[in-house]
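Q: As they're listed, the protein sequences go chains A and B. At position 34 of the first sequence (counting the first as 1) the number is 34 in the working numbering, and the numbers step up by one without a gap. Add 1000 to the 1-based position in the second sequence for the working numbering, that's all there is to it. Before we start, here is the structure in question, set down as structure tokens.
There are 2 protein chains.
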Amino acid sequence: MSLSIGQVAERTGLSVHALRFYEREGLFVNPVRRGPSGRRIYSEDDVDWLTVCIILRASGMPLPVLSRYADLVREGAGTEEERLTLMREHQARVTTQIGRLTESLDLIRFKVAVYEDLVDQGAAAHQCHAPSPAAGEEGTPLLRQEAVVE
Amino acid sequence: MSLSIGQVAERTGLSVHALRFYEREGLFVNPVRRGPSGRRIYSEDDVDWLTVCIILRASGMPLPVLSRYADLVREGAGTEEERLTLMREHQARVTTQIGRLTESLDLIRFKVAVYEDLVDQGAAAHQCHAPSPAAGEEGTPLLRQEAVVE
DNA sequence: CTAGAATCTAGACCCGGCTCTAGATCAACC
DNA sequence: GGTTGATCTAGAGCCGGGTCTAGATTCTAG
């Protein structure tokens, strides 16, 4: 089954511009076929490959690495070790990135909790017409609540 | 305790360029103080705030959002609801991002496993001088192994 | 007093990753 | 046989997030 660039764009969610750009960047394993009038003709395999590319991109693989990977796949047998290395390196990057995000999430959750408390207190104070008696030590609350969580 | 821009750069890991850039972008809660000769003087609070900024940046908060957050903190009491909203939105973004990365990791792990098998097979074949008898159906292995994992 | 390091401002530059434009060609429908 | 829409190429433009440069202070040590 052969597809036009517009159809591939629709199926993959990439723009036609991005598809041509990816081609220039060498991300395709096989050179994209052309019709008699020079128009691009994509196969289902191309779409499958693009799907993989999209996932790898979404996990932060840079275009040059993706291009290198495409090169290796194109070369075929004998490049498996390097592909393995490349994938393992990417796996490590993604894993550490998830770790970083998860750590950041700790701070973010803490901030959310702090502001939830403050907003609740504010609402309560507004209800009982008293200036937040349970607030405890105020001091410089707007600075203190910005303190690092560590 | 007051710090020079170089000292802050050293403590935070940001470059002096980045520090001045962040200031222009309005990321500081308080305008950075200046010495008599016009040089920047940072406080420990500035460093603490920067530490928070670095974590939020690491989790993908764009500079304009960070700047908006700094604005709200500067304005002080009465902006807690908006700060809560902002933080919750960021929390949601980070959570979905972790989800995306974790999904991607599935594919990456799968690829790693496939290449590990291939490399092992290749090594075994090399040892016993037989062309990988356990490989089963070969067909178009270099294409099939690139198939989407879903 | 002077050399070298740090800082200042304003603005140019870079990089990654697209996105958009212009002008031409081609396909399809009425 | 026009008109409309999709596609083509080459190249410019954009956005985010810094980075770097130039030229002028200013600080610090010997």
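Every residue, glycine too, gets a C-beta built ideally from N, C-alpha and C.
#1: Tell whether a beta-carbon distance below 9 Å holds between B:E1023 and B:R1040.
#2: Going along the region 1076-1103 of chain B in order, which residues come within less than 8 Å of chain A, judged by CB to CB distance?
#3: Compute the Euclidean distance between the alpha carbons of B:T1102 and B:V1065, then round it to the nearest angstrom.
#4: May I ask you to verify whether the region 107-125 of chain A touches the region 1075-1091 of chain B, counting CB pairs closer than 8 Å and requiring at least 3?
#5: Note down, in chain order, each residue of its chain lying with its Cβ closer than 6 Å to the Cβ of B:S1059, except the 5 sequence neighbours on either side.
#6: Counting contacts by CB-CB distance shorter than 9 Å, is A:I55 in contact with chain B?
#7: Closer than 9 Å, CB to CB, is B:G1026 near chain A or not?
#8: Taking a Cβ distance cut-off of 8 Å, strictly less, list which residues of the region 106-121 of chain A are near chain B, in chain order.
#9: I'd like to know if B:V1065 contacts chain A, where contact means its C-beta is closer than 9 Å to some C-beta of that chain.
#10: In terms of residues, what are the limits of the alpha helix (DSSP H) holding B:R1024?
#11: Per the DSSP calculation, A:Y42 is bridged to which residue(s)?
#12: Take the Cβ of B:F1021 as the centre, count every other Cβ of all protein chains shown within 10 Å, and call the residue buried at 16 or more, exposed below.
#13: To which residues does DSSP link B:R1033 through a beta bridge?
#14: Determine the extent of the alpha helix (DSSP H) in which B:P1062 is found, giving its start and end residues.
#15: Only counting the same chain, and skipping five residues up and downstream in sequence, which positions put a Cβ closer than 7 Å to that of B:A1009?
#16: Using a Cβ-Cβ cutoff of less than 8 Å, which residues in the same chain neighbour A:G6 once the five nearest sequence positions on both sides are dropped?
#17: Report back the beta-carbon spacing between B:V1029 and B:A1070 to the nearest angstrom; my notes put them in contact at under 8 Å.
#18: Kindly indicate which residue of B:S1004, B:C1053, B:L1050 and B:E1116 has the alpha-carbon position closest to the one of B:S1037.
#19: Would B:G1122 pass as a contact of A:E80 if the rule is Cβ separation under 9 Å?
#20: Out of curiosity, what's the CA-to-CA distance linking A:Y42 and A:D120?
#21: For A:S59, go through chain B and note every residue whose CB falls closer than 9 Å to its CB, in chain order.
#22: For A:G78, which of helix, strand or coil comes out of DSSP?
#23: Between B:P1062 and B:A1124, what straight-line distance do the alpha-carbon atoms span, to the nearest angstrom?
#24: Does any CB atom of chain A fall closer than 9 Å to the CB of B:V1032?
#25: If I measure Cβ to Cβ from B:L1072 and keep anything under 6 Å in the same chain, skipping five residues before and after, which residues do I get?
#26: Give the straight-line distance between the Cα atoms of A:T12 and A:L50, rounded to the nearest whole angstrom.
A: Reading from the atomic positions:
#1: Within the second sequence, numbered from 1, the residue matching residue 1023 of chain B stands at position 23. Within the second sequence, numbered from 1, the residue matching residue 1040 of chain B stands at position 40. Yes, Cβ-Cβ distance for B:E1023 and B:R1040 is below 9 Å.
#2: G1076, A1077, E1080, E1081, R1083, L1084, M1087, R1088, H1090, Q1091, V1094, T1095, Q1097, I1098, R1100, L1101, T1102 and E1103
#3: Residue numbering aside, residue 1102 of chain B sits at position 102 when the second sequence is read from its first letter. Residue numbering aside, residue 1065 of chain B sits at position 65 when the second sequence is read from its first letter. For B:T1102 and B:V1065, the distance between alpha carbons rounds to 25 Å.
#4: yes
#5: Walking along the second sequence from the start, residue 1059 of chain B turns up at place 59. Here the set comprises V1094.
#6: Counted from its first residue, the first sequence places residue 55 of chain A at position 55. Output row for A:I55: interface = yes.
#7: As a working note, residue 1026 of chain B is residue 26 in the second sequence. Taking CB atoms only, B:G1026 has no neighbour in chain A less than 9 Å away.
#8: L107, I108, R109, K111, V112, Y115, E116, L118 and V119
#9: In the second sequence, counting from the first residue as 1, residue 1065 of chain B sits at position 65. With 9 Å as the cut-off, B:V1065 does not count as an interface residue toward chain A.
#10: The residue labelled residue 1024 of chain B in the question sits at position 24 within the second sequence. Residues V1016 to R1024.
#11: Indexing the first sequence from 1 puts residue 42 of chain A at position 42. A:L3, per the DSSP bridge assignment.
#12: Locating residue 1021 of chain B in the second sequence gives position 21, where the first residue counts as 1. Exposed.
#13: On the second sequence, residue 1033 of chain B is found 33 positions in, with the first residue counted as 1. Residue pairing by DSSP places B:R1033 opposite B:I1041 in a beta bridge.
#14: As a position in the second sequence, residue 1062 of chain B is number 62, starting the count at 1. Premise fails: B:P1062 is in no alpha helix (DSSP H) and is neither H nor E.
#15: Here residue 1009 of chain B is taken as the residue at index 9 of the second sequence, counted from 1. Contacts found: S1015, V1016 and L1019.
#16: Here residue 6 of chain A refers to the residue found at position 6 when the first sequence is read from its first residue. Only V16 meet the Cβ criterion.
#17: Translated into positions along the second sequence, residue 1029 of chain B becomes position 29. Translated into positions along the second sequence, residue 1070 of chain B becomes position 70. Sure, about 5 Å apart at Cβ, within 8 Å.
#18: For the purposes of this step, residue 1037 of chain B is taken as the residue at position 37 of the second sequence. Checked all of B:S1004, B:C1053, B:L1050 and B:E1116; the closest Cα to B:S1037 is B:S1004.
#19: On the second sequence, residue 1122 of chain B is found 122 positions in, with the first residue counted as 1. On the first sequence, residue 80 of chain A is found 80 positions in, with the first residue counted as 1. Yes, the pair counts as a contact, with Cβ atoms nearer than the cut-off.
#20: Taking the first sequence and counting its residues from 1, one reaches residue 42 of chain A at position 42. Taking the first sequence and counting its residues from 1, one reaches residue 120 of chain A at position 120. The C-alpha of A:Y42 lies about 57 Å from the C-alpha of A:D120.
#21: One-based indexing of the first sequence puts residue 59 of chain A at position 59. Per Cβ cutoff of 9 Å: R1100, L1101, E1103, S1104, L1105, L1107 and I1108.
#22: Taking the first sequence and counting its residues from 1, the one referred to as residue 78 of chain A is at position 78. Residue state, collapsed to three classes: coil.
#23: By one-based count along the second sequence, residue 1062 of chain B stands at place 62. By one-based count along the second sequence, residue 1124 of chain B stands at place 124. One C-alpha to the other measures close to 50 Å.
#24: In the second sequence, the residue the question calls residue 1032 of chain B occupies position 32. With respect to chain A, the C-beta atom of B:V1032 has no partner C-beta closer than 9 Å.
#25: Stepping through the second sequence from its first residue, residue 1072 of chain B is reached at position 72. So the list reads T1079, E1082 and R1083, once near-sequence residues are dropped.
#26: Here residue 12 of chain A refers to the residue found at position 12 of the first sequence. Here residue 50 of chain A refers to the residue found at position 50 of the first sequence. If you take the alpha carbons of A:T12 and A:L50, they lie about 7 Å apart.
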